[in-house]
């Protein structure tokens, strides 16, 4: 049985990659941090591109200069010296672009650099090709890139001519932390010196520690993490570790200078590097290689061997040990090892400075999250008719006393409220229960944050999607059950047969169950209550069948699961509006990916309950299924799934773990749609040549999908979790991604959907 579950899980979801997201400082869209006056620019904004680095540096200074608070800054002195306008930490591309802009704005500033200006680029291997993507982008500011920037040496000359030749001279030193004190910022340098300024720009890039292999021998003198001159390794045995562009370029450079190179990569395929580098690797592998022969046999020239699926087990003075799949070990002669596996972001600097790290929760955050969970528990108990709702009703507290309050008001309002057939009377009856106010608040939040999303994103797709979500939430999910249908019923505009079939009369008081209109939008098993009735409501059973088994599968076949989750569902409406700014908080990685299967378990429970409900209908009155269904099974399902998981947990974790926690992990309808999506034509398509493996697409994914893993292989993204929100497409800095459709059997592209194109693609289309 367990083997069947594993097979099903792999077929449905776990076969897809589950990448992780690098920890970076938490930044607002303009680069500002939680420490007032401190901005972060360059690579640490998440996009490792030269043009974006230059652009963010210049724009940060422009933003500072335009701030009223900065324009009105006090000109007094601190410790006998007037504070600087600006301190820039880091003299890379982004830092020097900021310095040029500060120079242009006549600011007093200092640039702090730990080694030398543009040190990262200076330390590139000789002749390294430079890609200045996007080709059509012109960065803000004066630091631009011309055709001679296509290789490392030309780029260094151009950068120095633009900056150092104009008199910019960074101070050599290391910044330890930034602290805010008395309205000013103190930048503490190694050695004890402190610079005081009104603003600080952090432009240090990924200048933290180099990542380590964690194997014996890693500290030997022959192990390096950067290549200066590949000619030094001619006629030598070299191991290069890594699968990115830096690793491939290092291996190629040494092999082309006569070295014998083995490239070791832990995965089974090279997917991240640029196509040009992959083609060069293929050409080298196609040539007769001397790898595996003796040293004497291989002295005739360089060679390159790629060892995929291998990991370094040990580094010895004259050898290296590689571990291959299946436990096989291989010993290779070795003179040098290059570990080209990247750097870790300098998170300790940000922690010392009090700057929050994205996804890193401290005690105050956990306390706030716990308090919000308690509030959500109170709210959902009150809204769902629990003991809190009874407590309010027994004491005649708002909103249960609303009709009497309106009656006591006297005058016109009291007269209108007393007549159920008037608009005021209808609203007063509906508003006498918590669900009216909850749904009203829900609708207002969707509308307010929906308008904010439209203004912020400014793409045709987001505008159309958000307006649709707002309309669905306000009209059929609020106005229809709370105002329109009650008014129609009281004025005799609803045929009696239709009203009886869809909205039975309540067994207490007066009126009908107009809340069942939610079933027109919220399909089974997201909304089970039109199906789980004591006597079957055949119209709702028919509507539910058409929705769940016909319309939704048909829509998913052409447009993916997001046709419902991203355009119709009320949970999705809140996630895409209120949750728009929290999408990057969704946890990623294999462990979290396996938790996606929780929804399959809840779907199985819902199907099981449906079976019990059908048995209760079919068997004689008073059968065991009937006796236990409403008081036990449906009640427990309601409080555990609808209230606790969907409400308390789903919304209680909103501001800490993204707005799609319920949608991704536990929604039974989403779980069913995952099955449908396995047969869908919808895909996110990628142009592999444009992918720079920046991981932005994965970072912003609401559903925790490793979008980059598909993009840098040039494969259509087939993970059924996708809710078609377009965040990955819109956030891609190089225009790699588009929505589209493929033939499920051949994966051949049928068409691309330019409505959801990235700003880069939209700009290219306009230019053409």
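Residue numbers (the working numbering): -12 to 755.
The beta carbon of each residue, even a glycine, is placed where N, CA and C say it ideally should be.
Which of helix, strand or coil DSSP assigns to residue 139 = Here residue 139 is taken as the residue at index 152 of the chain shown, counted from 1. If DSSP states are grouped into helix, strand and coil, residue 139 belongs with the helices.
Note down, in chain order, each residue of its chain lying with its Cβ closer than 6 Å to the Cβ of residue 104, except the 5 sequence neighbours on either side.
-> Locating residue 104 in the chain shown gives position 117, where the first residue counts as 1. Correct list, in chain order: 78, 157.
CB-CB length for residue 346 against residue 665, believed under 8 Å = Taking the first residue of the chain shown as 1, we reach residue 346 at position 359. Taking the first residue of the chain shown as 1, we reach residue 665 at position 678. No, residue 346 and residue 665 are not in contact; Cβ-Cβ is about 30 Å, not under 8 Å.
Residue 6 versus residue 188 - alpha carbon distance | In the chain shown, the residue the question calls residue 6 occupies position 19. In the chain shown, the residue the question calls residue 188 occupies position 201. Near 30 Å, if we compare the C-alpha coordinates of residue 188 and residue 6.
Endpoints, the alpha helix (DSSP H) within which residue 355 is located | As a position in the chain shown, residue 355 is number 368, starting the count at 1. Note, residue 355: alpha helix (DSSP H), 350 to 370.
Run of the beta strand (DSSP E) containing residue 298, from where it starts to where it stops | Within the chain shown, residue 298 is the residue found at index 311, counting from 1. Run containing residue 298: 297 to 302, per the beta strand (DSSP E) assignment.
Would residue 759 pass as a contact of residue 175 if the rule is Cβ separation under 9 Å?
-> Since the displayed the chain opens at -12 and closes at 755, residue 759 lies outside it and no answer follows.
Could you have a look at residue 124 and say whether DSSP puts it in helix, strand or coil?
-> What you label residue 124 is simply residue 137 of the chain shown in a count that begins at 1. Correct three-state label for residue 124: coil.
Since residue 728 is in the beta strand (DSSP E), which residue starts that stretch and which ends it?
-> Counting from 1 along the chain shown, the entry for residue 728 is found at position 741. Unbroken beta strand (DSSP E) run through residue 728: 724 to 729.
Would you mind listing the alpha helix (DSSP H) stretches within the segment 25 to 77 that are 4+ residues and don't spill past its ends, in chain order?
-> 37 to 53, 55 to 58
In terms of residue numbering, what span does the beta strand (DSSP E) encompassing residue 96 cover?
-> Position 109 of the chain shown, counted from the start, is the residue given in the question as residue 96. Where residue 96 is concerned, the enclosing beta strand (DSSP E) stretches over 96 to 100.
Euclidean distance between Cα positions of residue 734 and residue 705 | By one-based count along the chain shown, residue 734 stands at place 747. By one-based count along the chain shown, residue 705 stands at place 718. Rounded to whole angstroms, residue 734 to residue 705 spans 10 Å at the Cα level.
Could you round the C-beta distance between residue 75 and residue 57 to whole angstroms and report it? I think they count as a contact, below 8 Å.
-> Working through the chain shown from its first residue, we reach residue 75 at position 88. Working through the chain shown from its first residue, we reach residue 57 at position 70. Wrong, their Cβ atoms sit about 15 Å apart, outside the cutoff.
Which first and last residues belong to the beta strand (DSSP E) in which residue 563 is found?
-> The residue you call residue 563 lines up with position 576 of the chain shown. Not the beta strand (DSSP E): residue 563 falls in the alpha helix (DSSP H), residues 557 to 564.
Take residue 756 and list the residues in its own chain whose beta-carbon comes closer than 6 Å to its own, dropping the five residues that flank it on each side.
-> In the structure as shown, the chain starts at -12 and stops at 755, and residue 756 therefore has no counterpart that could be examined.
Collapsed DSSP secondary structure at residue 732 in the structure displayed | Indexing the chain shown from 1 puts residue 732 at position 745. If DSSP states are grouped into helix, strand and coil, residue 732 belongs with coil.
Identify the continuous alpha helix (DSSP H) that holds residue 577 and give its terminal residues.
-> Along the chain shown, read from residue 1 onward, the residue named residue 577 stands at position 590. Unbroken alpha helix (DSSP H) run through residue 577: 577 to 581.
Residue 151, enclosing alpha helix (DSSP H) - first and last residue | Here the question's residue 151 lines up with position 164 in the chain shown. Element bounds for residue 151: n/a, residue is neither H nor E.
Looking at C-beta atoms only, is the number of pairs between the segment 315 to 330 and the segment 227 to 246 that lie closer than 8 Å three or more?
-> yes
Tell me which same chain residues have a C-beta within less than 7 Å of the C-beta of residue 161, skipping the five on either side of it?
-> By 1-based counting over the chain shown, the position of residue 161 is 174. The answer, listed in chain order, is 101, 176, 177.
Sequence-distant residues of the same chain with beta carbon closer than 6 Å to residue 343, five excluded per side | Counted from its first residue, the chain shown places residue 343 at position 356. For residue 343, where only same-chain residues beyond five positions count, the Cβ hits under 6 Å are 13, 21.
By Cβ distance below 8 Å, which residues in the same chain neighbour residue 311 in space, the five residues on each side in sequence not counted?
-> In the chain shown, counting from the first residue as 1, residue 311 sits at position 324. Counting only Cβ-Cβ distances below 8 Å, and skipping sequence neighbours, we find 294, 296, 297, 317.
Taking buried to mean at least 16 other C-beta atoms within 10 Å of its own C-beta, is residue 367 buried or exposed?
-> On the chain shown, residue 367 is found 380 positions in, with the first residue counted as 1. Residue 367 is buried by the Cβ-count criterion.
At which residue ranges does the segment 477 to 502 contain complete beta strand (DSSP E) runs of 3 or more residues, listed in the order of the chain?
-> none
Does the distance from the CB of residue 0 to the CB of residue 469 come in under 9 Å?
-> Position 13 of the chain shown, counted from the first residue, corresponds to residue 0. Position 482 of the chain shown, counted from the first residue, corresponds to residue 469. The answer is no: Cβ separation not under 9 Å.
Whole angstroms is fine: what's the gap from residue 286's alpha carbon to residue 124's?
-> Looking up residue 286 in the chain shown gives position 299. Looking up residue 124 in the chain shown gives position 137. At residue 286 the pLDDT is 36, less than 50, meaning the model places this residue with poor confidence; the figure from the coordinates comes in the next sentence. For residue 286 and residue 124, the distance between alpha carbons rounds to 46 Å.
Is the segment 43 to 57 touching the segment 131 to 149, taking contact as three or more C-beta pairs under 8 Å?
-> no
Leaving out five residues before and five after residue 118 in sequence, what residues of the same chain have Cβ atoms less than 8 Å from its Cβ?
-> Taking the first residue of the chain shown as position 1, residue 118 is located at position 131. So the qualifying residues of the chain are 261, 679.
Near residue 281, what residues of its chain come up, given a Cβ to Cβ distance below 8 Å and the 5 sequence neighbours on each side ignored?
-> As a working note, residue 281 is residue 294 in the chain shown. Reliability fails at residue 281, whose pLDDT of 42 lies under 50, so the model's placement of it is uncertain and the value that follows must be treated cautiously. Closer than 8 Å at Cβ, skipping near neighbours: no residue.
With contact counted as at least three CB pairs below 8 Å, one residue from each stretch, are the segment 669 to 683 and the segment 515 to 528 in contact?
-> no
Have a look at 381, 404, 595 and flag the residue whose alpha-carbon is nearest the alpha-carbon of residue 392.
-> Position 405 of the chain shown holds residue 392. Residue 404 is the option with its Cα nearest to residue 392.
What is the DSSP secondary structure of residue 214, reduced to helix, strand or coil?
-> Here residue 214 is taken as the residue at index 227 of the chain shown, counted from 1. Three-state DSSP puts residue 214 in coil, outside helix and strand.
Taking residue 249 as part of the beta strand (DSSP E), name the residues at either end of that continuous run.
-> Position 262 of the chain shown holds residue 249. It spans 247 to 252 - the beta strand (DSSP E) in which residue 249 sits, taken as one unbroken run.
Does DSSP put residue 181 in a helix, in a strand, or in coil?
-> The residue you call residue 181 lines up with position 194 of the chain shown. Looking at residue 181 - three-state DSSP - the assignment turns out to be strand.
Ordered along the chain, which non-local residues of its own chain (more than five positions away) have a Cβ less than 7 Å from that of residue 363?
-> Mapped onto the chain shown, residue 363 falls at position 376. Counting only Cβ-Cβ distances below 7 Å, and skipping sequence neighbours, we find 634, 635, 638, 639.
Three CB pairs or more closer than 8 Å across the segment 555 to 568 and the segment 644 to 655 = yes
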